[in-house]
Amino acid sequence: MREPNDSSVTLRVRAAGGLTLLLLGDLEPPAQRELLRGREAPGPVDVLKVAHHGSAFQDAGLLHSVRPRLALISCGADNPYGHPSPRTVAALGAAGARVLRTDTDGPIAVAGAGKELRAVGRS
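Everything in the sequence shown is counted per my numbering, starting at 324 for the first residue and increasing by one.
Okay, here's the thing in structure tokens:
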């Protein structure tokens, strides 16, 4: 039986100027692995909206494949689920991503592309 979260909308975006984004919704690791096996498997991206509020349930192969420059985690402060997972935050940082979280950085805006890529939060 498939997890309901694996029916999440997932978007890969190539914007004008060359900016690439991967927005994973709430995909669980099995569906994340399916993305890698797909005909149009995602390669490196500039921005990753991390799946499921940065939970511990992330596929390491997908994180390695997309190698995001910016990793955005949408989660509420002091949420009862403990999101984001420290393990996920550490894995993203180890992959070279700058991690921004809405619980600590507030609303996040991304602008630019290439060397001009930047993200701005409250902190």
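Using N, Cα and C, we set each Cβ at its ideal position, and we do this for glycine too.
In this structure the segment 379-389 lies against the segment 346-365, because at least three pairs of beta carbons, one per stretch, are closer than 8 Å. Exclusion of the five residues before and after D349 leaves N328, S331, A374 and H375 as the residues of its chain whose Cβ lies within less than 7 Å of its Cβ.
Taking a 10 Å sphere around the C-beta of D401, we find fewer than 16 other C-beta atoms and assign the residue as exposed. Excluding residues up to 5 positions away in sequence, G444 and R445 lie with their Cβ nearer than 8 Å to the Cβ of P430 in the same chain. In the displayed model, L346 falls within a strand according to three-state DSSP.
As the crow flies, the alpha-carbon of A413 is around 22 Å from that of T343.
Taking all protein chains in view, the Cβ of H406 is crowded by 16 or more other Cβ atoms within 10 Å, so the residue is classified as buried. Here A432 carries a strand assignment [DSSP, helix/strand/coil].
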